[in-house]
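Chains as they are written, first to last, in the working numbering: chain A, 455 to 569; chain B, 46 to 161.
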């Protein structure tokens with residue numbers, strides 16, 4: 455089991471540029487989550503997919519952020535245009551199902567720096 | 046309103062001693078799950094232990110145990126025989142079922158430092 459795979463591990467970009475973060479969940483997991491971690495705000499849930507369908511995107515900070523899950527093995531989080539305040543670690547996590555007994559398996563995260 | 050509270054921003058423990066990390070939660074849902082995750086300085090999030098709201102016994106996983114006090118809405122993590130590798134951030138989290146979907150909410154974390 456390769457775990458949840460995120461790419462890139464590190465991304466440095468200039469303000470105004472488009473940034474795309476990628477995630478491959480664990481095979482067979484049908485729930486996928488994108489989190490953002492900052493010192494000020496801790497871990498924030500951005501969006502949640504179940505069976506490739508976005509269920510809750512209330513955590514997406516603004517229209518500059520968008521997420522897609524075109525199939526069960528791939529998801530993207532896009533920021534366009536990026537701003538310095540978007541600098542954070544972005545985690546993708548997957549879960550084998552809905553229900554409270556299922557924990558999340560996290561990817562290694564993408565450290566985004568917007569200069 | 047804060048749903049997960051971890052009142053200890055930082056903790057120190059002597060190597061080989063036991064340490065308790067506090068977590069309180071708030072929910073009106075009768076069905077929920079409680080989790081602890083470890084985040085070492087390398088940044089990855091590592092699942093440690095799970096407790097279900099209907100579980101009668103406290104969860105244990107090796108050196109980790111969860112002191113679950115449902116009436117007090119408390120889910121403290123106990124690490125026995127601390128090791129230097131236990132130095133990390135520890136996050137308490139809760140997964141609850143809301144209407145047609147569920148999500149995990151994380152607390153602010155506790156930074157644990159193990160002293161040789």
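C-beta: ideal position from N, C-alpha, C; glycine also.
As the structure is a prediction and not an experimental result, all values here were calculated from the model.
For residue i, I'd like the list of residues in its chain whose CB is within less than 7 Å of its CB, leaving aside the five on either flank, ordered along the chain.
| i | result |
| --- | --- |
| residue 108(B) | 124, 125 and 126 |
| residue 541(A) | 566, 567 and 568 |
| residue 90(B) | 82 and 84 |
| residue 145(B) | Confidence is the limiting factor: at residue 145(B) the pLDDT is only 49, short of 50, which leaves the residue's position unreliable and the question unanswerable from this model. |
For a contact meaning CB atoms closer than 7 Å, what does residue i contact in chain A?
| i | result |
| --- | --- |
| residue 153(B) | 496 |
| residue 90(B) | 545 and 560 |
With distances taken Cα to Cα, identify the nearest neighbour of residue i among the options.
| i | options | result |
| --- | --- | --- |
| residue 72(B) | 119(B), 81(B) and 90(B) | 119(B) |
| residue 495(A) | 556(A), 515(A), 478(A) and 482(A) | 515(A) |
| residue 69(B) | 105(B), 155(B) and 121(B) | 121(B) |
| residue 558(A) | 132(B), 99(B) and 94(B) | 94(B) |
| residue 556(A) | 151(B), 156(B), 97(B) and 64(B) | 97(B) |
| residue 64(B) | 49(B), 149(B) and 131(B) | 131(B) |
| residue 547(A) | 488(A), 467(A) and 456(A) | 488(A) |
| residue 537(A) | 466(A), 458(A) and 457(A) | 466(A) |
| residue 484(A) | 505(A), 493(A) and 476(A) | 505(A) |
| residue 525(A) | 478(A), 457(A), 493(A) and 456(A) | 478(A) |
| residue 100(B) | 77(B), 157(B), 152(B) and 128(B) | 77(B) |
| residue 142(B) | 75(B), 61(B), 103(B) and 66(B) | 75(B) |
| residue 114(B) | 67(B), 61(B) and 62(B) | 67(B) |
| residue 641(A) | 482(A), 475(A) and 476(A) | Missing from the structure shown is residue 641(A); chain A here goes from 455 to 569 and no further. |
| residue 128(B) | 49(B), 48(B), 61(B) and 117(B) | 61(B) |
| residue 50(B) | 156(B), 88(B), 152(B) and 110(B) | 152(B) |
Can you name, in chain order, every residue of its own chain whose Cβ lies under 6 Å from the Cβ of residue i, other than the five neighbours on each side?
| i | result |
| --- | --- |
| residue 59(B) | 160 |
| residue 490(A) | 498, 500, 542 and 544 |
| residue 432(A) | In the structure as shown, chain A begins at 455 and stops at 569. Residue 432(A) is therefore absent and cannot be evaluated. |
| residue 158(B) | 57 and 132 |
What does a CB cutoff of less than 8 Å around residue i pick up in its chain, not counting 5 residues either side in sequence?
| i | result |
| --- | --- |
| residue 508(A) | 501, 502, 521 and 523 |
| residue 535(A) | 469, 470, 471, 472 and 518 |
| residue 149(B) | 80, 138, 139 and 140 |
| residue 117(B) | 69 |
Below 8 Å on C-beta distance, what does residue i contact in chain A?
| i | result |
| --- | --- |
| residue 130(B) | Here the premise fails: no neighbours, minimum Cβ distance about 18 Å. |
| residue 113(B) | Simply none; closest approach about 14 Å. |
| residue 148(B) | 487, 499, 502 and 510 |
Interface residues of chain B around residue i at Cβ under 7 Å?
| i | result |
| --- | --- |
| residue 470(A) | Those within 7 Å of residue 470(A) in chain B number zero; the least Cβ separation is about 27 Å. |
Name the chain B residues whose beta carbon is nearer than 9 Å to that of residue i?
| i | result |
| --- | --- |
| residue 563(A) | 88, 89 and 90 |
Between residue i and chain D, is the shortest Cβ-Cβ distance under 8 Å, so that the two count as touching?
| i | result |
| --- | --- |
| residue 87(B) | Absence of chain D from the displayed structure is noted, the protein chains being A and B. |
For this session: Using a Cβ-Cβ cut-off of less than 8 Å, give me the residues of the segment 499-525 of chain A that come near chain B, in sequence order.
Result: 499, 502, 504, 509 and 510
For this session: Pair every Cβ in the segment 515-530 of chain A with every Cβ in the segment 46-57 of chain B, then say whether three or more of these pairs are closer than 8 Å.
Result: no
For this session: With 9 Å as the C-beta to C-beta threshold (strictly closer), list the residues of the segment 48-73 of chain B near chain A in chain order.
Result: Against chain A - using a Cβ distance shorter than 9 Å - the segment 48-73 of chain B contributes no residues.
Exercise. Using 8 Å as the threshold, is the segment 77-84 of chain B in touch with the segment 136-143 of chain B, meaning 3 or more CB pairs across them?
Worked result: yes
Exercise. On the three-pair Cβ rule with 8 Å, is the segment 556-565 of chain A touching the segment 457-468 of chain A?
Worked result: A contact exists between the segment 556-565 of chain A and the segment 457-468 of chain A.
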